[in-house]
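What follows is a set of notes on a single structure, which appears directly below.
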Amino acid sequence: MPRASARHILVDTEQQCLDLKAQIEGGAAFTDIAKQHSNCPSGANGGELGEFNKGDMVPEFDTVVFNEALNTVHGPVKTQFGYHLLEVTSRS
1 MPRASARHIL VDTEQQCLDL KAQIEGGAAF TDIAKQHSNC PSGANGGELG EFNKGDMVPE
61 FDTVVFNEAL NTVHGPVKTQ FGYHLLEVTS RS
């Protein structure tokens with residue numbers, strides 16, 4: 001079964017997501033932005049979600065995590081929880 005590790009930042013609006021992505025692309029550390037802005041409890045750990053199997057997360061997450069480039073910030077990704085920035089750190 002495919003497995004991956006990723007981190008994410010969860011916010012309420014698409015615009016906030018885009019603003020944070022621009023900060024990361026401008027050199028801000030993903031982990032620092034997650035700690036400061038993420039609505040998810042994982043934000044306290046820099047957005048780290050740990051390792052998980054395909055199907056463990058919502059479908060919108062899986063689509064990005066198991067198909068997009070590693071070590072790149074993806075998003076905004078809209079789910080029922082809000083808007084996410086995702087960074088896939090490993091996949092097997």
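Residues 1 to 92, numbered by UniProt numbering, are exactly what the sequence shown covers, in order.
Glycine is no exception: its CB is placed at the ideal position from the N, C-alpha and C atoms.
Tell me which same chain residues have a C-beta within less than 6 Å of the C-beta of residue i, skipping the five on either side of it?
| i | result |
| --- | --- |
| Val-58 | Thr-79 |
For residue i, name the three-state secondary structure that DSSP assigns.
| i | result |
| --- | --- |
| Lys-35 | helix |
| Ser-92 | coil |
| Val-64 | helix |
Would you grab the beta carbon distance between residue i and residue j for me? Rounded to a whole angstrom, and I think it's under 8 Å.
| i | j | result |
| --- | --- | --- |
| Gly-46 | Ala-34 | 5 Å |
| Ser-5 | Thr-89 | 5 Å |
| Leu-18 | Ile-9 | 12 Å between Cβ atoms; not a contact. |
| Glu-87 | Asn-67 | No, Glu-87 and Asn-67 are not in contact; Cβ-Cβ is about 14 Å, not under 8 Å. |
I'd like the list of long-range same chain contacts for residue i, defined as Cβ closer than 8 Å, with 5 residues on each side in sequence excluded.
| i | result |
| --- | --- |
| Ile-24 | Phe-30, Ile-33, Val-73, Leu-85 |
| Gln-16 | His-37, Tyr-83 |
| residue 118 | The question about residue 118 has no answer, for the chain in this structure spans 1 to 92. |
Where DSSP assigns a beta bridge to residue i, which residues make up the other side?
| i | result |
| --- | --- |
| Gly-50 | Ala-6 |
| Leu-18 | Answer is none; Leu-18 lacks a bridge partner. |
| Thr-79 | Gly-82 |
| Val-73 | Glu-87 |
| Val-11 | Tyr-83 |
Below 7 Å CB to CB, which residues in the same chain sit around residue i once its five sequence neighbours on both sides are set aside?
| i | result |
| --- | --- |
| Glu-48 | Arg-7, Ser-42 |
| Asp-62 | Lys-54, Gly-55 |
| Glu-60 | Val-77, Lys-78, Thr-79 |
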